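Enquirer:
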Amino acid sequence: MTYLLEARALRKQYADKLALRGLDLQIAPGEIFCLLGQNGAGKSTTINLFLGFVSPTSGAAFVNGLEVAANPLKIKEYLAYIPEQVMLYPHLTGLENLALFSSLAGYRYSQPELQGYLTDAGLPAEAVRRRVGTYSKGMRQKVGIAIAVAKHAQVLLLDEPTSGLDPKASNEFSELLRRLSAQGTAVLMATHDIFRAKEVGTRVGIMREGELVDVRPTAALNAQELEQLYLTYMH
Amino acid sequence: MIHSIAQKEFVSTLRDRRFVVLSGLVLALLLAATLVGRASYRSLQQERELAQGTVNEQFRNQPARHPHRVAHYGSFAFRPKSGLSLLDAGVDTYTGSVVYLEAHQQNSVNFSQAQQSGSLIRFGEMTVAFVLQLLVPLLIIFLCFGAFTQERETGMLKLLLSQGVSLRQVAWGKIRGLSQAVALVVAPALGLAAALLFTGEEFAAGPDLLLRLLLFGLSYALYFFLFVVGSVVVSARQASSRAALVTLLGLWILGCIILPKATANLGASLYPTTTKAQMDAQVHEQAQHGINGHDPHDQRAAALKAALLKQYGVDSEEKLPVSVAGLQMAAGEAYSAKVYQQHFAALNATYQRQNRLSDWAGLLNPYQAIRPLSMGLAGSDFAHYVHFQQAAEAYRYMLVQRLNHLQAGMGYGDKERRLDARTWRELPVFAYHAPTLGWAWPHLLLPLAALLLWGVGLSWLGLRLISTTSVT
Numbered sequence: 068m069t070y071l072l073e074a075r076a077l078r079k080q081y082a083d084k085l086a087l088r089g090l091d092l093q094i095a096p097g098e099i100f101c102l103l104g105q106n107g108a109g110k111s112t113t114i115n116l117f118l119g120f121v122s123p124t125s126g127a128a129f130v131n132g133l134e135v136a137a138n139p140l141k142i143k144e145y146l147a148y149i150p151e152q153v154m155l156y157p158h159l160t161g162l163e164n165l166a167l168f169s170s171l172a173g174y175r176y177s178q179p180e181l182q183g184y185l186t187d188a189g190l191p192a193e194a195v196r197r198r199v200g201t202y203s204k205g206m207r208q209k210v211g212i213a214i215a216v217a218k219h220a221q222v223l224l225l226d227e228p229t230s231g232l233d234p235k236a237s238n239e240f241s242e243l244l245r246r247l248s249a250q251g252t253a254v255l256m257a258t259h260d261i262f263r264a265k266e267v268g269t270r271v272g273i274m275r276e277g278e279l280v281d282v283r284p285t286a287a288l289n290a291q292e293l294e295q296l297y298l299t300y301m302h
Numbered sequence: 157m158i159h160s161i162a163q164k165e166f167v168s169t170l171r172d173r174r175f176v177v178l179s180g181l182v183l184a185l186l187l188a189a190t191l192v193g194r195a196s197y198r199s200l201q202q203e204r205e206l207a208q209g210t211v212n213e214q215f216r217n218q219p220a221r222h223p224h225r226v227a228h229y230g231s232f233a234f235r236p237k238s239g240l241s242l243l244d245a246g247v248d249t250y251t252g253s254v255v256y257l258e259a260h261q262q263n264s265v266n267f268s269q270a271q272q273s274g275s276l277i278r279f280g281e282m283t284v285a286f287v288l289q290l291l292v293p294l295l296i297i298f299l300c301f302g303a304f305t306q307e308r309e310t311g312m313l314k315l316l317l318s319q320g321v322s323l324r325q326v327a328w329g330k331i332r333g334l335s336q337a338v339a340l341v342v343a344p345a346l347g348l349a350a351a352l353l354f355t356g357e358e359f360a361a362g363p364d365l366l367l368r369l370l371l372f373g374l375s376y377a378l379y380f381f382l383f384v385v386g387s388v389v390v391s392a393r394q395a396s397s398r399a400a401l402v403t404l405l406g407l408w409i410l411g412c413i414i415l416p417k418a419t420a421n422l423g424a425s426l427y428p429t430t431t432k433a434q435m436d437a438q439v440h441e442q443a444q445h446g447i448n449g450h451d452p453h454d455q456r457a458a459a460l461k462a463a464l465l466k467q468y469g470v471d472s473e474e475k476l477p478v479s480v481a482g483l484q485m486a487a488g489e490a491y492s493a494k495v496y497q498q499h500f501a502a503l504n505a506t507y508q509r510q511n512r513l514s515d516w517a518g519l520l521n522p523y524q525a526i527r528p529l530s531m532g533l534a535g536s537d538f539a540h541y542v543h544f545q546q547a548a549e550a551y552r553y554m555l556v557q558r559l560n561h562l563q564a565g566m567g568y569g570d571k572e573r574r575l576d577a578r579t580w581r582e583l584p585v586f587a588y589h590a591p592t593l594g595w596a597w598p599h600l601l602l603p604l605a606a607l608l609l610w611g612v613g614l615s616w617l618g619l620r621l622i623s624t625t626s627v628t
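See below:
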């Protein structure tokens with residue numbers, strides 16, 4: 068089986084810190100894998116390694132069967148990324164930001180199409196032509212989601228994507244992820260939000276000090292059990 | 157991809173209020189400097205044309221006189237301003253603009269603007285070149301210091317790169333977009349200058365001026381491109397916007413203030429010039445070895461007289477068909493002119509060595525490459541000044557020798573006679589023709605090559621550095 072995301076003995080050593088200790092991970096199409104862990108556990112490093120933003124010390128990361136280090140640009144055709152804080156360009160409107168990022172990914176959309184992506188992501192129609200500098204954090208996050216969706220990526224890499232979103236927006240986001248998953252998109256989401264992970268994820272992995280210490284299918288756990296499990300590893 | 161990033165950078169910059177305020181100030185300064193430069197050009201040019209016309213008329217309208225009296229009456233050569241000096245006054249402000257042309261001696265060019273201005277002139281003039289060379293780079297630094305650091309600090313760099321763009325493409329897009337924004341600030345001033353130059357009747361518009369203006373604009377475009385690329389590279393290599401700004405300002409101070417001063421001081425120490433008093437003494441001492449036409453007891457004058465008597469096969473001066481005094485004057489003039497030429501040439505060579513050192517420093521510092529290039533294209537550099545000085549001397553020598561030969565042709569007893577007033581109207585007046593770009597070109601090759609090397613080198617090395625920069 069070809070996994071859309073795969074890590075083989077992936078290790079990352081920074082000058083003074085071992086950030087990732089031989090990660091082995093496979094994520095299949097349609098799977099939503101949630102990485103839980105404290106700050107500094109290695110979640111963001113994992114995402115950066117899949118994006119090719121940092122080089123592994125040893126081991127390899129693969130996207131759609133292609134080794135990231137050898138194909139840093141090619142693999143990005145399959146990926147979309149949403150960071151924790153989508154800042155965007157404050158002097159451009161939401162529509163202009165989306166048009167820019169879509170064109171960089173090779174997509175040229177008409178204005179109504181762009182508007183459609185933005186409103187589908189939950190951005191109010193009246194806001195799409197306003198400069199992003201006037202947006203709230205949640206609104207910017209929605210533009211980030213629209214950017215990812217408009218790229219039609221097979222893999223979504225999400226680094227705390229619901230941080231700062233209100234419950235309604237978070238819920239809409241979960242719904243969107245489920246929809247994309249149903250279409251075969253593989254999702255790797257780093258999060259602190261245990262309940263969101265349980266609600267939307269197909270599997271959860273718990274990271275501690277650069278190590279994936281446990282992986283469970285979410286169907287086998289309820290929210291309390293997951294929280295208990297998480298707290299067990301954190302102590 | 158590069159186009160999209162460039163467009164985003166351009167639009168974002170234009171919508172940034174800080175840019176609007178800063179660029180508005182720089183543009184206002186540029187436009188003001190252009191208009192002030194034009195007004196200054198116009199008044200100085202009118203003054204000089206009027207003065208040149210007046211002295212020419214006075215010379216031509218002399219009454220019947222002895223030619224040597226006319227030679228001592230002399231004339232003046234006023235240096236016309238070059239059209240592009242309204243953009244870059246170069247050394248014009250500090251070099252003189254008028255030279256007194258008389259028999260027996262080559263005077264230096266006097267009456268510089270700086271001599272006649274207040275002490276504020278020491279702080280430099282607010283010319284277009286000053287704004288372009290020093291202030292626009294500052295604007296570029298303020299515009300570009302956060303080009304990469306801000307993207308990194310806000311996480312936007314990762315978002316950009318996740319779309320499949322390379323760091324190199326991001327860099328080129330930013331360089332292009334930011335360059336467009338800079339062009340928007342500078343182009344109106346250069347456009348205004350071009351309009352003034354080609355519509356104002358006081359300017360001698362022609363292909364040479366057009367070519368000079370074109371190269372002037374292209375040279376500055378390359379200079380600004382260097383600052384944009386350099387600022388983007390520094391921004392990419394620094395960890396924070398603050399560090400990038402401090403580094404860039406430090407480089408600006410080093411390149412635009414410290415290095416030029418240090419090079420000038422080094423040049424003056426390595427190639428010291430003689431003082432005017434020293435040179436006058438040396439010239440006077442050496443001129444003693446030539447014929448003194450005013451001294452009847454001069455031995456060399458006596459020898460020339462003897463040679464003439466022998467040449468014409470006569471035994472007394474009275475029987476000679478030529479005036480001995482006139483030919484003695486001519487020989488004396490030829491000798492003293494040679495002495496002056498040697499000393500002026502040595503002095504100019506020293507100045508040129510000093511300037512050359514600064515020109516070579518252009519390989520280390522783009523500011524020291526654009527400065528001589530800009531002055532040279534504007535026709536206000538030292539080489540153009542020397543060209544005028546030599547043209548004035550050539551005219552002086554021709555005039556004085558012509559008068560000496562008129563005297564020689566008067567025969568024996570010329571001192572008691574005068575030539576008709578019409579004689580002076582047949583003599584040519586001083587009319588200076590500024591050199592063409594083709595003449596100036598060899599002087600401009602080194603700074604131009606330095607600027608081009610900077611452009612290629614910085615683009616190549618800078619983009620290599622950017623492509624290995626950290627994303628996180």
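Protein chains in written order, with the working numbering: chain A, 68 to 302; chain B, 157 to 628.
We put the CB at the ideal spot given by N, CA and C, even for glycine.
Please read all numbers here as calculations on a predicted model, not as lab measurements.
Let me confirm a value: A220(B) is counted as buried when at least 16 other C-beta atoms fall within 10 Å, else exposed. Which label applies?
Expert: In the second sequence, the residue the question calls residue 220(B) occupies position 64. Exposed, because fewer than 16 other Cβ atoms sit within 10 Å of the Cβ of A220(B).
Enquirer: List the residues that DSSP assigns as beta-bridge partners of L253(A).
Expert: Mapped onto the first sequence, residue 253(A) falls at position 186. The sequence given here has Ala at residue 253(A), not Leu. Answer is V222(A).
Enquirer: Pick out whichever of Q295(A), K141(A), T124(A) and G89(A) has its Cα sitting closest to the Cα of N131(A).
Expert: For the purposes of this step, residue 131(A) is taken as residue 64 along the first sequence, with counting starting at 1. N131(A) has its Cα closest to that of K141(A), out of Q295(A), K141(A), T124(A) and G89(A).
Enquirer: Enumerate in chain order the residues of its own chain whose CB-to-CB distance from L348(B) is below 7 Å, with the five nearest sequence positions on each side excluded.
Expert: To locate residue 348(B), count along the second sequence from 1; it is residue 192. Correct list, in chain order: L187 and T190.
Enquirer: Give the range of the beta strand (DSSP E) segment to which R75(A) is assigned.
Expert: Indexing the first sequence from 1 puts residue 75(A) at position 8. From DSSP, the beta strand (DSSP E) with R75(A) extends over L72 to Y81.
Enquirer: Within this structure, are the beta carbons of L170(B) and P344(B) separated by less than 8 Å?
Expert: Working through the second sequence from its first residue, we reach residue 170(B) at position 14. Working through the second sequence from its first residue, we reach residue 344(B) at position 188. Not in contact: L170(B) and P344(B) (Cβ atoms no closer than 8 Å).
Enquirer: Have a look at F234(B), E258(B), L257(B) and L315(B) and flag the residue whose alpha-carbon is nearest the alpha-carbon of S169(A).
Expert: As a working mapping, residue 169(A) is identified with position 102 in the first sequence. It is L315(B) whose Cα lies nearest to the Cα of S169(A).
Enquirer: Less than 8 Å between CB atoms is the rule here; does A172(A) satisfy it with respect to chain B?
Expert: Position 105 of the first sequence, counting from 1, holds the residue named residue 172(A). It does: the Cβ of A172(A) has a partner Cβ on chain B nearer than 8 Å.
Enquirer: Distance, Cα to Cα, E276(A) vs E151(A)?
Expert: What you label residue 276(A) is simply residue 209 of the first sequence in a count that begins at 1. What you label residue 151(A) is simply residue 84 of the first sequence in a count that begins at 1. About 20 Å.
Enquirer: I'd like to know if P150(A) contacts chain B, where contact means its C-beta is closer than 8 Å to some C-beta of that chain.
Expert: For the purposes of this step, residue 150(A) is taken as residue 83 along the first sequence, with counting starting at 1. With 8 Å as the cut-off, P150(A) counts as an interface residue toward chain B.
Enquirer: Is DSSP giving T160(A) helix, strand or coil here?
Expert: Residue mapping note: residue 160(A) aligns to position 93 of the first sequence, counting from 1. Strand, per DSSP.
Enquirer: Does the region 381 to 401 of chain B touch the region 286 to 299 of chain B, meaning 3 or more C-beta pairs lie closer than 8 Å?
Expert: Short answer: they touch.
Enquirer: What residue from R527(B), S623(B) and L415(B) has the CA that sits closest to F286(B)'s CA?
Expert: For the purposes of this step, residue 286(B) is taken as residue 130 along the second sequence, with counting starting at 1. Ranking the options by Cα distance to F286(B), first place goes to R527(B).
Enquirer: Taking Cβ-Cβ distances shorter than 8 Å, what residues in chain B pair up with Y156(A)?
Expert: The residue labelled residue 156(A) in the question sits at position 89 within the first sequence. Those within 8 Å of Y156(A) in chain B are K164, S168 and M312.
Enquirer: For E144(A), which residues in chain B fall below 9 Å Cβ to Cβ?
Expert: As a first step, residue 144(A) must be located in the first sequence, where it is residue number 77. Result: G320.
Enquirer: Can you tell me the Cα-Cα spacing of A287(A) and Y156(A), whole angstroms?
Expert: The residue labelled residue 287(A) in the question sits at position 220 within the first sequence. The residue labelled residue 156(A) in the question sits at position 89 within the first sequence. Rounded to whole angstroms, A287(A) to Y156(A) spans 42 Å at the Cα level.
Enquirer: So, under 8 Å CB-CB, V153(A) and L185(A) are touching, yes? Tell me the CB distance rounded to an integer number of Å.
Expert: Counting from 1 along the first sequence, the entry for residue 153(A) is found at position 86. Counting from 1 along the first sequence, the entry for residue 185(A) is found at position 118. Not confirmed; about 13 Å, so no contact.
Enquirer: Are the beta-carbon atoms belonging to A259(B) and A227(B) less than 8 Å from one another?
Expert: Taking the second sequence and counting its residues from 1, the one referred to as residue 259(B) is at position 103. Taking the second sequence and counting its residues from 1, the one referred to as residue 227(B) is at position 71. Against a cut-off of 8 Å, the Cβ pair of A227(B) and A259(B) comes out as a contact.
Enquirer: Within a Cβ cutoff of 6 Å, which residues of the same chain sit near G618(B), ignoring the five residues on either side of it in sequence?
Expert: The residue labelled residue 618(B) in the question sits at position 462 within the second sequence. So the list reads V385 and V389, once near-sequence residues are dropped.
Enquirer: Would you identify the three-state DSSP class for D576(B), choosing helix, strand or coil?
Expert: On the second sequence, residue 576(B) is found 420 positions in, with the first residue counted as 1. Coil.
Enquirer: Between Q208(B) and the rest of its own chain, which residues show a CB-CB distance below 6 Å, the 5 nearest in sequence each way excluded?
Expert: The residue you call residue 208(B) lines up with position 52 of the second sequence. Once the five neighbours on either side are set aside, the close Cβ partners of Q208(B) are F234.
Enquirer: Do you know whose CA, among A534(B), Y523(B), V542(B) and V495(B), lies nearest T506(B)'s CA?
Expert: Counted from its first residue, the second sequence places residue 506(B) at position 350. If we check each option's Cα against that of T506(B), V542(B) comes out closest.
Enquirer: When you compare each of A418(B), G535(B) and M312(B) to H599(B) by their alpha carbons, which one comes out closest?
Expert: Translated into positions along the second sequence, residue 599(B) becomes position 443. Of the listed residues, the one whose Cα sits closest to H599(B) is G535(B).
Enquirer: Assign S626(B) to one of three DSSP states: helix, strand, or coil.
Expert: Residue mapping note: residue 626(B) aligns to position 470 of the second sequence, counting from 1. Coil at S626(B), not helix or strand.
Enquirer: Return the residues of the region 283 to 317 of chain B that lie within a Cβ-Cβ distance of less than 8 Å from chain A, sorted by chain order.
Expert: From the region 283 to 317 of chain B, only T310, G311, M312, K314, L315, L316 and L317 have a Cβ closer than 8 Å to chain A.
Enquirer: When burial is assigned at 16 or more other CB atoms within 10 Å of the CB, is I409(B) buried or exposed?
Expert: Looking up residue 409(B) in the second sequence gives position 253. With fewer than 16 other Cβ atoms within 10 Å, it is exposed.
Enquirer: For D364(B), count neighbouring Cβ atoms within 10 angstroms of its own Cβ and tell me buried if that reaches 16, exposed if not.
Expert: Counting from one through the second sequence, the residue named residue 364(B) turns up at place 208. It counts as buried.
Enquirer: Is the CB-CB distance between M435(B) and H540(B) below 8 Å?
Expert: Stepping through the second sequence from its first residue, residue 435(B) is reached at position 279. Stepping through the second sequence from its first residue, residue 540(B) is reached at position 384. No. Outside cutoff.
Enquirer: Just checking my contact of T625(B) with L401(B) at CB under 8 Å: how many whole Å lie between their CB atoms?
Expert: Working through the second sequence from its first residue, we reach residue 625(B) at position 469. Working through the second sequence from its first residue, we reach residue 401(B) at position 245. Their Cβ separation, rounded to whole angstroms, is 17 Å, which puts T625(B) and L401(B) out of contact at 8 Å.
Enquirer: Excluding five sequence neighbours on each side, which residues of the same chain lie with their C-beta closer than 6 Å to the C-beta of I212(A)?
Expert: Position 145 of the first sequence holds residue 212(A). These residues qualify, in order along the chain: A188.
Enquirer: Report yes or no: do the region 566 to 581 of chain B and the region 468 to 481 of chain B share at least 3 C-beta pairs separated by less than 8 Å?
Expert: Judged by Cβ distances under 8 Å, the region 566 to 581 of chain B makes contact with the region 468 to 481 of chain B, as three or more pairs qualify.
Enquirer: Whole angstroms are fine: how far does the CA of G231(A) sit from the CA of N238(A)?
Expert: Your numbering for residue 238(A) matches position 171 in the first sequence. Your numbering for residue 231(A) matches position 164 in the first sequence. Straight-line Cα distance between these residues: approximately 13 Å.
Enquirer: Closest Cβ-Cβ distance between F168(A) and chain B: below 8 Å?
Expert: By 1-based counting over the first sequence, the position of residue 168(A) is 101. Yes, F168(A) counts as interfacial toward chain B.
Enquirer: For L562(B), which beta-bridge partners are listed by DSSP?
Expert: Here residue 562(B) is taken as the residue at index 406 of the second sequence, counted from 1. Note: L562(B) sits in no beta bridge, so no partner.
Enquirer: Of all the options K79(A), Q295(A) and L247(A), which has the alpha carbon lying nearest to the alpha carbon of A128(A)?
Expert: Along the first sequence, read from residue 1 onward, the residue named residue 128(A) stands at position 61. Considering only alpha carbons, the answer is K79(A).
Enquirer: Grab me the residues of E98(A)'s own chain with a C-beta within less than 6 Å of its C-beta, minus the 5 sequence neighbours each way, in chain order.
Expert: The sequence position of residue 98(A) within the first sequence is 31, counting from 1. Hits under 6 Å: A253 and T269.
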